[in-house]
Amino acid sequence: MKAGLLFICSLLGSTLAQSCPDPGVNGYASAAGGTTGGGNASPVVVTSASALQSAASASGARVIVVKGTITTSGAIKVTSDKTIRGENADSTIVGGFDMNGVKNIIIKNLNIRAASSADTIASRNSHHIWYDHLNVWDAGDGLLDITLESDYQTVSWCKFWYTSKSLSHRFASLVGAGGGTQPKDEGKLHVTYHHNWWAQKVDQRMPRVMYGDAHIYNNYYNSPGNSYCIGFGSYGSVLIENNYFKGVANPHQFMYDVYAYASATGNVYDSTTGKKDSGKLGSKHVAGQESALAGPFTPPYSFKADAVKDVPALVQKCAGPR
């Protein structure tokens, strides 16, 4: 009887270990009022670019379910209070999303491949956005760029990658743009990256952070031949916790000489080379921005980081659409 119970418990433990967590909105997107997207609005299923654009740009709350593959002629403009999610793991957008001056958006459970030289996903002057369980690849510009006074965003359980090194701009994700030239970004750009897979042929910006506070934890970095992984400078502050870096160059690198800060704890550096910069760094201010600060910060939300040894298997299994 005891042996039988032990066997059942063993099976149960194995099943639990193989499951993927689904904690709901978390990180900075859950702070300062939170992110609900379309909330409890009745789902609308879309199968064409025109239907997707119509629903995404409509006023009021919408829950939009993408079925099949939709190819767009340009980036889909998304207005406030929207949830856009894939019906299943095969749901695909060939194109991208553009958010400018909007708020309260959830984009999840989608494959997103670039159709042009623009960003695949771009947020400008927008806040409270959650990007979750996405598979994003081959953008001609950034895969996911968060710039120009954007704020309170979370990037979770996403895979970023490229199919070929012939693509010249294999730069994954910006937090802030124009090093030292965006004073309006001061006090904004609060972003969380967790449980993301920075995969093959990504060269840099995983992410690159300027001005903002970025909490980067439990990510898996496995992009051999890269230039650097996490870049920070120009008043950026980064908290780098329990990430697993495998076979990459310059896991976290200070840039631009303008004051910045990084705290790096609990990370694994497996066969890596190059810089692992941390602490208060820099030797100068930008003219006219002498009051700008970069330094330690405490995320205003609760979270529980997974053991770093579990990160490679967990992220490779669970990142991307389901």
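Quick note, the sequence shown lines up with residues -17 to -1, 1 to 305 if you use mature numbering (1 follows the signal peptide of the UniProt record, and there is no 0).
Yeah, the Cβ is synthetic: ideal placement off N, Cα and C, and Gly gets one too.
These numbers were taken from a predicted model, which means no experiment stands behind them.
Using a Cβ distance threshold of 9 Å, Phe154 and Asp124 count as a contacting pair. In this structure, Ile95 lies away from Lys65, with their beta-carbon atoms at least 9 Å apart. Rounded to the nearest angstrom, the gap between the Cα atoms of Gly20 and Ala58 is 19 Å. Contact annotation: Tyr211 and Asn225 have beta-carbon atoms that are not nearer than 9 Å.
Between the alpha carbons of His173 and Thr281 lies a gap of roughly 11 Å. Ser13 carries a helical assignment under DSSP once its states are collapsed to helix, strand and coil.
DSSP places Val46 inside the beta strand (DSSP E), whose first and last residues are 45 to 49. For the set Asn108, Trp113, Asp81, the Cα lying nearest the Cα of Asp102 is the one of Asp81.
Annotation: the continuous beta strand (DSSP E) that includes Pro26 extends over 26 to 29.
Taking 9 Å as the cut-off, the beta carbon of Val298 is found closer than this to the beta carbon of Tyr203. In the DSSP annotation of this structure, the continuous segment of the beta strand (DSSP E) that includes Leu93 starts and ends at 86 to 96.
Here Met193 is bridged, per DSSP, to Gly216. The continuous stretches of alpha helix (DSSP H) do not include Gln236, which lies in the beta strand (DSSP E) extending over residues 235 to 237.
For Lys258, the secondary structure class from DSSP, reduced to helix, strand or coil, is coil. Contact between the stretch 174 to 186 and the stretch 260 to 271 is absent, with fewer than three C-beta pairs closer than 8 Å. The beta carbon of Thr52 sits closer than 6 Å to those of Thr75, all from its chain and outside the five residues before and after it, given in chain order. For a cut-off of 8 Å, the C-beta gap from His178 to Trp140 is around 5 Å, short enough to register as a contact.
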